[in-house]
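Taking my numbering, I'd label the letters of the sequence shown as residues 857 to 1264. C-beta: ideal position from N, C-alpha, C; glycine also. Reviewing the structure listed below.
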Amino acid sequence: MKILLVKPCPELSVAKRLSEAFLHLEPLELEIVAGGIPEDHEVRILDLSVEKSPVQTFDQTVGAFHPDLIGFTGYSSTAHIVKDLAERAKKALESVWVIVGGIHATIYPGDYAVPHMDAVVRGEGATAMTRILDRISRNLPVHDGVNILSPGHPEFESLAAAAPPPYAQIGEIPPPRRDLVDRSRYFCIWTHSDTGRLDTIFPRVASLRTSLGCPFSCSFCVIPFAMNKAYLQRTPEDVADEIERLDEDHIYFVDDEMFINMKRVTRIAEILKERGIRKKYISWARSDTIVRHPEVFRLWKEAGLDVVYVGLESMNEEQLDRYNKKTSNETNKEAVRILKEIGITLHAAFIVDPDYTKEDFRCLEKDIQTLGPAEITFTVLSPSPGTELFQANKDNFICDAFRFYDCM
857 MKILLVKPCP ELSVAKRLSE AFLHLEPLEL EIVAGGIPED HEVRILDLSV EKSPVQTFDQ
917 TVGAFHPDLI GFTGYSSTAH IVKDLAERAK KALESVWVIV GGIHATIYPG DYAVPHMDAV
977 VRGEGATAMT RILDRISRNL PVHDGVNILS PGHPEFESLA AAAPPPYAQI GEIPPPRRDL
1037 VDRSRYFCIW THSDTGRLDT IFPRVASLRT SLGCPFSCSF CVIPFAMNKA YLQRTPEDVA
1097 DEIERLDEDH IYFVDDEMFI NMKRVTRIAE ILKERGIRKK YISWARSDTI VRHPEVFRLW
1157 KEAGLDVVYV GLESMNEEQL DRYNKKTSNE TNKEAVRILK EIGITLHAAF IVDPDYTKED
1217 FRCLEKDIQT LGPAEITFTV LSPSPGTELF QANKDNFICD AFRFYDCM
């Protein structure tokens, strides 16, 4: 079979500017799906997020490649784009199989109950794709009632309303097919640059996933719902082997929360040092983790950790409690101090509540003035399916909320 894996393009201007100017990571989720497809199939990845004319490029690719199966991924903010592209594909190729996976499909599968969608994948797409291809080859329905659902199937509505199924085992997930994308198109702003030259401030970046899930339950976060609170970890040796194979010298860890198992992340850093692997890294970490284990971050600094993204969210105790962060203002301040002392650049992420008053913004301004030098971003608090916040607000939307959510 000919298989086309597609990442949709962002639509809103803020998301476009971010990806064009500051951060554009490779479609790792599709590379991993491709890694699970048997060699007797012809696979292509089409990343529309890097195309200037995405819809035209999609139409041209479908017409020229003539795929037998098209697999989409997508966030909630691009769900309507996926549905539009799926309809275009069906009109161009009536017999093509169209399936969708990704975070929106996992947490809100009912949104894809449209006539031009043949299957909705919840959870890991690589292992599901293997089963889908096997079922198609044997002329069996692709619906399996676990994590492959078919709109129109009698069970679809009830299964779509249920919690996501258990996630695949970490050992079943294949390595990514990084050879299927033009790697020169992916970069991240690297403000810890040693030289100040453009090639080091905007270096080519590889994405790497060492774990999946997070054991915490922040009220705004969808990960515990999507993963059924599972936390899956690759072995230190496996992670180090992949890092060593990468051509890029700059690596962005895309884990939901990498620094949970201190023994594991310590061993990864030790192996990197033992093998003399000299690369630079960006990762997320919780403030309380940094405070409890500063020695681990000192070790990782020696191994090449340059920038740490920390979801400080707020320096206000009441707001932190409302977000169920399980941290405090003092913990946040101490984490900032430790990173400065070690020499790791802080990327502080704050949440802006839609109900903020002028006084709230003045307080936020005072808080961020104490953090510099640092990268600082602000995310408007927006309900995502599967979160407590969404349950409390799902009846209050007066529009298709996902169309206006750009993740910032």
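For D1097, which of helix, strand or coil comes out of DSSP?
Reduced to three states, the DSSP call for D1097 is helix.
Is the beta carbon of H1203 sitting closer than 8 angstroms to the one on E1231?
Yes, these two residues count as a Cβ contact at 8 angstroms.
Measure the alpha-carbon distance for S869 versus P1032 and round it to whole angstroms.
In a straight line, the C-alpha of S869 is about 30 angstroms away from that of P1032.
By Cβ distance below 8 angstroms, which residues in the same chain neighbour M973 in space, the five residues on each side in sequence not counted?
Excluding residues within five positions, the ones whose Cβ falls inside 8 angstroms are K939, A942, V954, I955, V956, P1007.
Please determine, among R1178, P997, E1221, M1171, the residue with the shortest C-alpha to C-alpha distance to E1244.
Nearest option by C-alpha distance: R1178.
Per-residue DSSP class, three states only, for Q916:
Q916 falls in the helix class under three-state DSSP.
Counting pairs of Cβ atoms below 8 angstroms between the segment 1020-1037 and the segment 1203-1212, do you hit three or more?
In this structure the segment 1020-1037 does not touch the segment 1203-1212; the number of beta carbon pairs closer than 8 angstroms is below three.
Bounding residues of the alpha helix (DSSP H) (the contiguous stretch that carries E1215):
Its alpha helix (DSSP H) spans residues 1214-1225.
Keeping to the same chain, check which residues put their C-beta closer than 7 angstroms to that of N1249; ignore five residues upstream and five downstream.
Result list for N1249: P1239, in chain order.
Straight-line gap, L925 to P1150 (C-alpha atoms, nearest Å)
Each residue's alpha carbon lies about 48 angstroms from the other.
Since S1014 and D1262 should fall inside the 8 angstroms C-beta cutoff, what is the C-beta to C-beta distance between them, to a whole number of angstroms?
A Cβ-Cβ separation of about 32 angstroms leaves S1014 out of contact with D1262 under the 8 angstroms criterion.
Alpha carbon of R873 to alpha carbon of E1093, nearest angstrom
Take the alpha-carbon of R873 and the one of E1093: they are about 37 angstroms apart.
Inspect the beta-carbon positions of N1172 and N1185 and report whether they are closer than 8 angstroms.
One thing to note: N1172 has its Cβ within 8 angstroms of the Cβ of N1185.
Going by DSSP, what residue range makes up the alpha helix (DSSP H) through F1258?
Per DSSP, F1258 belongs to no alpha helix (DSSP H) and is neither H nor E.
Given a cut-off of 8 angstroms on the beta-carbon distance, is the pair V899 and L861 in contact?
Yes; because the gap between Cβ atoms is below 8 angstroms, this pair is in contact.
Does the segment 1061-1069 touch the segment 1110-1126, meaning 3 or more C-beta pairs lie closer than 8 angstroms?
Yes, they touch.
N- and C-terminal bounds of the beta strand (DSSP E) containing I891
Position check: residue 891 holds Gly in this sequence, whereas Ile was assumed. Boundaries around G891 are those of the alpha helix (DSSP H), 884-891, since no beta strand (DSSP E) includes it.
Using the DSSP secondary-structure output, state which residues sit across from D903 in a beta bridge.
K863, per the DSSP bridge assignment.
Give the single residue among V1121, V1110, I1107, C1077 whose Cα lies nearest to the Cα of T1091.
If we check each option's Cα against that of T1091, V1121 comes out closest.
Using a Cβ-Cβ cut-off of 8 angstroms (strictly less than) and excluding sequence neighbours within five positions of V970, which residues of its own chain qualify?
Excluding residues within five positions, the ones whose Cβ falls inside 8 angstroms are K939, A942, E943, P1007.
How far does the alpha helix (DSSP H) with T1047 in it reach, from first residue to last?
Run containing T1047: none; DSSP gives neither H nor E here.
With distance defined between alpha-carbon atoms, name the residue in E980, G1167, S905, V1166 nearest to R1041.
The candidate whose alpha carbon is nearest that of R1041 is S905.
For V870, the first and last residue of its enclosing alpha helix (DSSP H)
The continuous alpha helix (DSSP H) containing V870 extends over residues 869-877.
For I888 and T983, the rounded distance between their alpha carbons:
About 10 angstroms.
Quick one, are the C-beta atoms of I963 and G1167 less than 8 angstroms apart?
Not in contact: I963 and G1167 (Cβ atoms no closer than 8 angstroms).
Contact set for G892: own chain, Cβ-Cβ below 6 angstroms, skip 5 residues either direction:
Excluding sequence positions up to five before and after G892, its CB lies within less than 6 angstroms of the CB of A982, M985, T986, P1030, all in the same chain and listed in chain order.
Measuring alpha carbon to alpha carbon, tell me which of H1048, D1112, V998 ends up nearest C1074.
Ranked by Cα distance from C1074, the options H1048, D1112, V998 are led by D1112.
Using only alpha-carbon positions, find the residue among A961, T1145, V1163 that is nearest to F1109.
Cα-wise, what sits closest to F1109 is V1163.
Starting from G1199, follow its DSSP beta bridges and name the residues at the other end.
BP columns for G1199 are empty, so no partner.
Relative to the alpha-carbon of E1190, which residue among V1147, L884, E1174, H922 has its alpha-carbon at the smallest distance?
In terms of Cα proximity to E1190, the closest of V1147, L884, E1174, H922 is V1147.
Going by other Cβ atoms of all chains shown within 10 Å of its Cβ, with 16 needed for buried, is S993 buried or exposed?
Around the beta carbon of S993, fewer than 16 other beta carbons sit within 10 angstroms, so the residue counts as exposed.
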